Structure formats: C-alpha cells, structure tokens
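Colleague: This is the structure I have questions about; it appears just below.
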Amino acid sequence: MTTLSATLAKRLEDPRLFRQYAYVNGKWTHGEGGREEAVYDPATNEAIGHIPLLEAEQITAAVDAAEAAFVQWRALRADERCERLLAWYDLIQANREDLATIMTLEQGKPLPDARGEVQYGASFVRWFAEEGKRTYGETIPSHIPNASLGTIKEPVGIAAMITPWNFPLAMITRKAAAALAAGCPVIVKPANETPYSALALAELAERAGIPAGIFNVVLGDPAEVSKILCSESRIRALSFTGSTRVGRLLIEQSANTVKRLSLELGGNAPFIVGPDMDPKEAAFAAIDAKFQTAGQDCLAANRILVHESIHDEFVEHFSERMAALTLGNGLQSEIDLGPLIHRQAVEKAAAIVDDAISKGATVIGGDQSQAPGENFFMPVMLTGVTAQMKVWREENFAPVAGITAYSTDDEVIEMANDTEYGLAAYIYTHDIRRIWKLMRALEYGMVSVNSVKMTGPPVPFGGVKQSGLGREGGATGIDEYLETKYYCLGALGSVSGS
Ligand SMILES: NC(=O)c1ccc[n+]([C@@H]2O[C@H](COP(=O)([O-])OP(=O)(O)OC[C@H]3O[C@@H](n4cnc5c(N)ncnc54)[C@H](O)[C@@H]3O)[C@@H](O)[C@H]2O)c1
Ligand SMILES: N[C@@H](CC=O)C(=O)O
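Using my numbering, the final residue of the sequence shown is 1767, and nothing's skipped along the way.
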C-alpha cells in the first residue's frame, strides 16, 4: 500500500502541521500497546498516514493532565485566556492553506470548501475569545434580611469532546473555544477518519501558548475511548457531535457520572417551497442546501417539499442544475462534490435509492457508472417520495434528494414534522403570513427563511427532538461549560436596598 504521508508533508508549507501522534499533556504521544490505524484519502483510497490507538491508561493520563492544568488555567483572568485564544485564531488564519489541504486529503471536500471551513472554524475561536470576557453573574434583590444575594459563573471542569468527520475542524473549534474561554481544559476525540485536522489544531494551540494539559487530542478505538470518557467522573462536561445512534449510547454511558451533556446530533431537514416562489430560484437554492459537502451535512435539505402548482417546473430546474454538478478529487479545481467518506456510505446511499424505487419513487440522475472513483456517488433526485421510504425517514448523508408535492400549508407542516429529527428547516416563500405560520409550527431548533446560509458564531446552533440537547455558538454557547454558583452573603448588618 502506498503511503501519502511524504507527499502530503511536501504539499504543506509547514510540514509540522501534519502529525501522526496523539497530543496529551503537551507531548506528541504514540500508543503504548503498539496499535495503529491507517487514515485514507477518500478520493483515492490511498493511505495518507497512520494514527496510534491509545491504551486505556493513556486516556486516563490525559484526564490526569487536564486535572492538573485546570488549576492554573481557571485562575487566569478572562482577558489573559482571550489573548491565548486570539493567538490561536491568528495562527489558524495564517495556516489556512495548509489546514485546508490536510482537510481535503482526509475528508475529501473540495479545497475551496475546506478553506471555507477553516475560516468558519477560526471564527468560533475569535467569537469565544471575546465571549469569555462576558460571563457575567447577577445581583439578586434579597428576600433575606441583612443579606446580599447573587450568582457567579465558574468553569464546569474538564470537558471532553467527541467530533465527527464531516466538519473535522469547525466541529472542534465551536466546542473547544467555548470551553477554553470558560476556563475548562479540553480533551478532544476526533473521528478516526479525520484526525489530522484536530492534530494540526493542537500544534497551533501549543504555538499560541495554550499550556500543556489544556488542549489534548486522544485517539483510539471510538467505543473504547468514549466509554472511558463517559465513565470518568472527573470529566464534568461531554460535548458530542455525530449521529443520533451514538448520541443515545453516550447518554446511557454517562448516566453514572451525571455529567453535563451537549449533543449535536443528526438532522433530516425539510426544504419547503411555497406556491408564490420562482421555481428556478427555489430549485437553485435547494441544490445548494442539499449538495454541500456531497450531502454529508447535518443541515442538508433531504426532504424537498414543493407546492403542487410549481412542482413540475421546480423538478425540471433542479434536475438540470444537478446534472451540471462536477464530481472529482477535491484537490482539483472546479469540483462541486468530492467523494463520500468511505465505501459503506456509498452502499448506504445506493440502498436508500433502491428502497425508494421499489416503493414507487421516480429516479432522475444517479448513473453510477459515471462516478470518478469507488467512493463517489453520482447525485440522485427522487420524486414522489413518501413517508414509507427510507429517504424520508433516515438521514441519508449522501447526494440523494427526495422531492414531493404538497397542496396546503397544514399538510406541509405535518409532512415536515413527520420525523424524529428536529435540527434545521428551510422555508422558501415571500408571503409573510405563510412564513410566520410555518416558522412557528415547525418543530426544529433552527429555521431559515429564504436563505441557505444560516450558521455562524453569533447564532445558537442546535436541534430539538432527537437532534440533540443544548446550543453551540451565540451568546449561550459558553454556558455549556459554566456552572452558576449562587451565593448568599448573610449577617452583613443592615444592608439597605439589597
Ligand atoms: N448537529 C450537528 O451540529 C452535527 C454536525 C455535524 C454532524 N452531525 C451528525 O454527525 C453524523 C455524521 O458523523 P459521523 O458519521 O462521524 O457520526 P458518528 O456518530 O458515527 O461518529 C461521531 C463520533 O463518534 C465516534 N463514535 C463512533 N462510534 C462510536 C461508538 N460506538 N461509541 C462512541 N463513539 C463512537 C466517532 O469516532 C466520531 O468521533 C450525522 O448524523 C450528522 O448529522 C451533526
Ligand atoms: N454545517 C453544519 C455542520 C453539520 O454537519 C454547521 O455549520 O455546523
């Protein structure tokens, strides 16, 4: 098997950003048991490099290191932590091109998208660097004679983070920057498919002056590592982004240690198009909302619900635009869609399409003989999809779009809510009454009206129902890593107006 490590390192301006070790207590660490796993470029199936699989004692050592480092990190002033985070932000920006190259190689997304993700990921670091200075407590008018009451915010303690492969950098910074700004040490377990973005972040964190033990990256067998992180009582917060299936497992495994859980889980977004919309404009927006990151996005518009009066025209524009999408290796130019993460994802997508066809859907596109490689999946549009089909019920995480017609607002609300998920929904219409009615009735944590782009540092990102618990980003994202301590200062003598 060819190893691309040398080739990759040569492509980078700074080869020290490509690390094939875990990072614990400020040290690059190999697995003491000698276990390793290869990491593949999904576009070519060639191994990019290897990662060590740490042993249980090494994960516990990361917790020991974080516990020791916590004492000094929490004691820093908020503006001192802010400076370190801003230094990290600057380094991420300065190394954007290398970080994007690493990401494209391990994840497959086109290089311009990878650059965009680096920028997006960095923006959370800057946001939380500033938010850390605003973790205000409050003064409470006292009901107790001669007492002063109030609250202060304190870091929750060690925070563990388990992150997915589809956004290998931004899903880390959105959590880690919030925790670090709050005064918490962090232990990140990235997806084994995309560890190198996380390790490059660790290298830059060290250069930014984030002390040893404060930002750790552990690698290993996912089930093994997660079990340790969940059952470790010194870890007080666990933040997970990934599938609802694994999210449920982590809730169970964390029960005994009653820790703070933030869960950003799967989505199955409806994309509702009203009768007043220009079908071409709506179809082009739906293409963007569906095919970003080759459909491997928790915000992907999976169920496209189009008013019957414009359905056929919409489908025409959608299929025309879909046919123009270019698939290929993300390192090449002019690529719209990279590969799926691995062969199993391709097989899952094919099974979802077959299931829909067997239940009566019409298929457009998806000639897999045209795929530029084993892990690529040619975009597919399915019309006439129904609630009985997998494409409706499951998050497909592939370039597979399900389209169906509806006739009334009440009907489309019921269709959109007919899922266990509740992350994001899109509405396309200019009718203000319809917008308000739909927006209020949709059981989703985020609703975007006439805009594909909805995320960014200032917004509270998160879902309802089985799409998760808690919010990341925005003014409240840092609260996931803070405890509120109430104080009652009694026997103060006469305190007037307290
Ligand atoms: N809501 C959001 O913000 C958001 C963002 C990105 C991705 N996602 C979701 O993530 C999913 C895709 O990512 P994925 O395939 O990496 O998800 P996944 O649940 O398979 O994996 C996520 C993480 O959990 C780890 N993991 C896997 N199996 C495990 C196990 N048995 N025990 C403990 N940990 C385990 C993985 O190594 C990885 O680090 C989709 O469902 C997507 O919607 C959600
Ligand atoms: N696109 C999402 C990640 C989901 O997969 C985001 O912006 O956070």
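Think of the CB as a built atom: it goes at the ideal place given N, C-alpha and C, for glycine as much as any other residue. The structure presented is a predicted model; accordingly, all values stated were derived computationally and were not measured.
Would you identify the three-state DSSP class for K1458, choosing helix, strand or coil?
Modeller: The sequence position of residue 1458 within the sequence shown is 189, counting from 1. DSSP places K1458 in strand when its eight states are reduced to three.
Colleague: Is N1665 near ligand 2 - that is, is its Cβ less than 6 Å away from at least one heavy atom of it?
Modeller: As a first step, residue 1665 is located in the sequence shown; it is residue number 396 there, counting from the start. No, the Cβ of N1665 stays beyond 6 Å of every heavy atom of ligand 2.
Colleague: Using alpha carbons as the reference points, say which of A1451, T1432, I1504, Y1675 lies closest to P1539.
Modeller: For the purposes of this step, residue 1539 is identified with residue 270 of the sequence shown, where counting begins at 1. For the set A1451, T1432, I1504, Y1675, the Cα lying nearest the Cα of P1539 is the one of Y1675.
Colleague: To the nearest angstrom, how far is it from the Cα of D1700 to the Cα of I1682?
Modeller: Within the sequence shown, the letter at position 431 stands for residue 1700. Within the sequence shown, the letter at position 413 stands for residue 1682. The alpha-carbon atoms of D1700 and I1682 are separated by roughly 16 Å.
Colleague: List the endpoints of the continuous alpha helix (DSSP H) containing C1499.
Modeller: Indexing the sequence shown from 1 puts residue 1499 at position 230. First-last of the alpha helix (DSSP H) with C1499: 1491 to 1500.
Colleague: What residues in its chain sit with their C-beta under 7 Å from that of S1763, if we drop five residues either side in the sequence?
Modeller: Residue 1763 sits at position 494 when you count from the first residue of the sequence shown. The answer, listed in chain order, is N1415.
Colleague: Kindly provide the ranges of any beta strand (DSSP E) runs that are 3 or more residues long and lie completely inside the region 1709 to 1762, ordered along the chain.
Modeller: Taking only runs of at least 3 residues, the beta strand (DSSP E) segments lying wholly in the region 1709 to 1762 are 1715 to 1718, 1751 to 1758.
Colleague: Kindly give me the distance between the Cβ atoms of A1467 and G1401, rounded to whole angstroms, as I take these residues to be in contact under 8 Å.
Modeller: Within the sequence shown, numbered from 1, the residue matching residue 1467 stands at position 198. Within the sequence shown, numbered from 1, the residue matching residue 1401 stands at position 132. Going by Cβ atoms, the distance from A1467 to G1401 rounds to 22 Å, so no, they are not a contact pair.
Colleague: Is the number of C-beta pairs between the region 1599 to 1618 and the region 1296 to 1313 that are closer than 8 Å three or more?
Modeller: The region 1599 to 1618 vs the region 1296 to 1313: in contact.
Colleague: Cutting at 8 Å between CB atoms, please list the residues of its own chain near A1330, excluding the five before and the five after it.
Modeller: Your numbering for residue 1330 matches position 61 in the sequence shown. Counting only Cβ-Cβ distances below 8 Å, and skipping sequence neighbours, we find V1293, N1294.
Colleague: Using the beta-carbon count (16 or more within 10 Å), is E1386 buried or exposed?
Modeller: Residue numbering aside, residue 1386 sits at position 117 when the sequence shown is read from its first letter. By the neighbour-count rule (16 or more Cβ atoms within 10 Å), E1386 is buried.
Colleague: Using alpha carbons as the reference points, say which of V1542, A1492, A1693, K1659 lies closest to I1704.
Modeller: Here residue 1704 is taken as the residue at index 435 of the sequence shown, counted from 1. Cα-wise, what sits closest to I1704 is V1542.
Colleague: Measure the C-alpha to C-alpha separation of A1428 and V1584 and round it to an integer number of angstroms.
Modeller: Taking the sequence shown and counting its residues from 1, the one referred to as residue 1428 is at position 159. Taking the sequence shown and counting its residues from 1, the one referred to as residue 1584 is at position 315. Taking the straight line from one Cα to the other gives about 46 Å.
Colleague: On the DSSP bridge list, what partners appear for W1661?
Modeller: Along the sequence shown, one-based indexing puts residue 1661 at 392. Answer is none; W1661 lacks a bridge partner.
Colleague: Could you check if T1442 belongs to the surroundings of ligand 2, using beta carbon to heavy atom distance under 6 Å?
Modeller: Position 173 of the sequence shown holds residue 1442. T1442: no, Cβ never under 6 Å from ligand 2.
Colleague: Is it the case that the Cβ atoms of L1360 and L1473 are separated by a distance below 7 Å?
Modeller: Position 91 of the sequence shown, counted from the first residue, corresponds to residue 1360. Position 204 of the sequence shown, counted from the first residue, corresponds to residue 1473. Yes, the pair counts as a contact, with Cβ atoms nearer than the cut-off.
Colleague: Using C-beta distances below 8 Å, list every residue in its chain close to P1480, excluding the 5 sequence neighbours before and after it, in chain order.
Modeller: Residue numbering aside, residue 1480 sits at position 211 when the sequence shown is read from its first letter. Here the set comprises G1295, A1338, Q1341, W1342.
Colleague: Is it the case that the Cβ atoms of L1380 and G1599 are separated by a distance below 7 Å?
Modeller: Residue 1380 sits at position 111 when you count from the first residue of the sequence shown. Residue 1599 sits at position 330 when you count from the first residue of the sequence shown. Yes; because the gap between Cβ atoms is below 7 Å, this pair is in contact.
Colleague: Please report how far the alpha carbon of N1537 lies from the alpha carbon of A1447, in whole angstroms.
Modeller: Position 268 of the sequence shown, counted from the start, is the residue given in the question as residue 1537. Position 178 of the sequence shown, counted from the start, is the residue given in the question as residue 1447. Taking the straight line joining both Cα atoms gives about 27 Å.
Colleague: Sorry if obvious, but does the Cβ on F1566 come closer than 6 Å to a heavy atom of ligand 2?
Modeller: On the sequence shown, residue 1566 is found 297 positions in, with the first residue counted as 1. A small correction: the amino acid at residue 1566 is Asp; Phe does not occupy that position in the sequence shown. Yes.
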